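Visitor: One structure, pasted below without further comment.
See the structure below:
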């Protein structure tokens, strides 16, 4: 099996962290949730950083965290934040590290239901229309991922199995 880092991308609430956790159980490896990695390093959530320091500063912090995550020797799976893959410098960094990118292609309605059920505290999706616009804007960039999985009717274990098979 390939030792390439596996990076999971997709819209907010597509299931990136949940699928990453299923994948690491299947592959017996370790993972980093990039948003959680940032929170642990900075003592603030991505939303707090955006609210207090702005989007540009958050993207700088995110890029540094991604670089460090990719250079962490024992980490194999990285669950990206919903916007990380949309930044060209992040995509270049992932390419430099020969990352295997996986797009969890979830329909907007599924993501929105999940966002609402978790209290919709995401900084870029505070209302339906803004979230839908962002979803539509990001799809073309998500499509640049190496491997695509439609996730609407699949559980995380099935998705993880498909990713593992694609790596074999």
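In our numbering, the protein residues as written are 633 to 800.
Heads up, the beta-carbon is just placed ideally off N, CA and C, and yes, glycines get one too.
No experiment lies behind these values; they were computed from the predicted model shown.
#1: Out of 739, 695, 723, state which residue places its alpha-carbon closest to the alpha-carbon of residue 732.
#2: Assuming residue 593 and residue 674 make a contact with CB atoms under 8 angstroms, what is their CB distance in whole Å?
#3: Quick check: the Cα distance between residue 679 and residue 789, rounded to an integer number of angstroms?
#4: Can you list, in chain order, the residues of its chain with a C-beta nearer than 8 angstroms to that of residue 779? Leave out the 5 residues immediately preceding and following it.
#5: For residue 669, which residues of its own chain have a beta-carbon under 7 angstroms away from its beta-carbon, when the five flanking residues on both sides are left out?
#6: Using C-beta distances below 6 angstroms, list every residue in its chain close to residue 765, excluding the 5 sequence neighbours before and after it, in chain order.
#7: Candidates 665, 770, 769: which alpha carbon is nearest residue 713's?
#8: Please identify the residue among 695, 640, 644 whose C-alpha is closest to the C-alpha of residue 749.
#9: Please classify residue 760 as buried or exposed, where buried requires at least 16 other C-beta atoms within 10 Å of its C-beta.
#10: Are the Cβ atoms of residue 784 and residue 711 separated by less than 8 angstroms?
#11: For the alpha helix (DSSP H) that contains residue 651, what are its first and last residues?
#12: On a Cα-Cα basis, can you pick out the residue from 730, 662, 725 that is closest to residue 636?
Guide: Considering the structure as presented:
#1: 723
#2: Shown here, the chain extends from 633 to 800; a query on residue 593 therefore has no answer.
#3: 29 angstroms
#4: 732, 733, 734, 735, 795, 798
#5: 697, 701
#6: none
#7: 665
#8: 644
#9: exposed
#10: no
#11: 648-659
#12: 730
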